[in-house]
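Undergrad: The following block contains the structure, expressed as structure tokens.
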Amino acid sequence: MAYLTGLTKGGATWTPTFVEAIDEEKCIGCGRCFKSCARKVLGPLDLEDEESESIRMVMTIVAGDNCIGCAGCGVGCPKKCFSFKPMEV
């Protein structure tokens, strides 16, 4: 299986990992990932909790095709709710 690879400025091989999913159960809606993404891949989503009749915000993938595979969103996530995957070629 071959994956998409690139080169760093220094010439080292790099395999980007693209955002695949966000665990809504872990996400606290802090927005750190949203602020770290310059490609506008993520966006807020309001979830209704029927038991407590409250609404909580989580992040969701709104433009996954814009992801460049830097994984910056996951690096800044305090709850580690992101999953990533390299792209097969």
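Position 8 of the sequence shown, counting from 1, maps to -4 under our numbering, and the rest follow consecutively. Don't be surprised by glycine CBs; every beta carbon is placed ideally from N, CA and C.
Output the boundary residues of the alpha helix (DSSP H) element that contains V63.
TA: Here the alpha helix (DSSP H) through V63 covers G60 to V63.
Undergrad: Based on the DSSP secondary-structure assignment, which residues constitute the bridge partners of R44?
TA: BP columns for R44 point to L35.
Undergrad: Should T(-7) and T5 be called a contact, given that it needs their Cβ atoms to be closer than 7 Å?
TA: No.
Undergrad: CB K68 to CB A51, shorter than 7 Å?
TA: No, the Cβ-Cβ distance between K68 and A51 is not below 7 Å.
Undergrad: Would you report the Cα separation of S40 and F70, rounded to the nearest angstrom?
TA: Straight-line Cα distance between these residues: approximately 26 Å.
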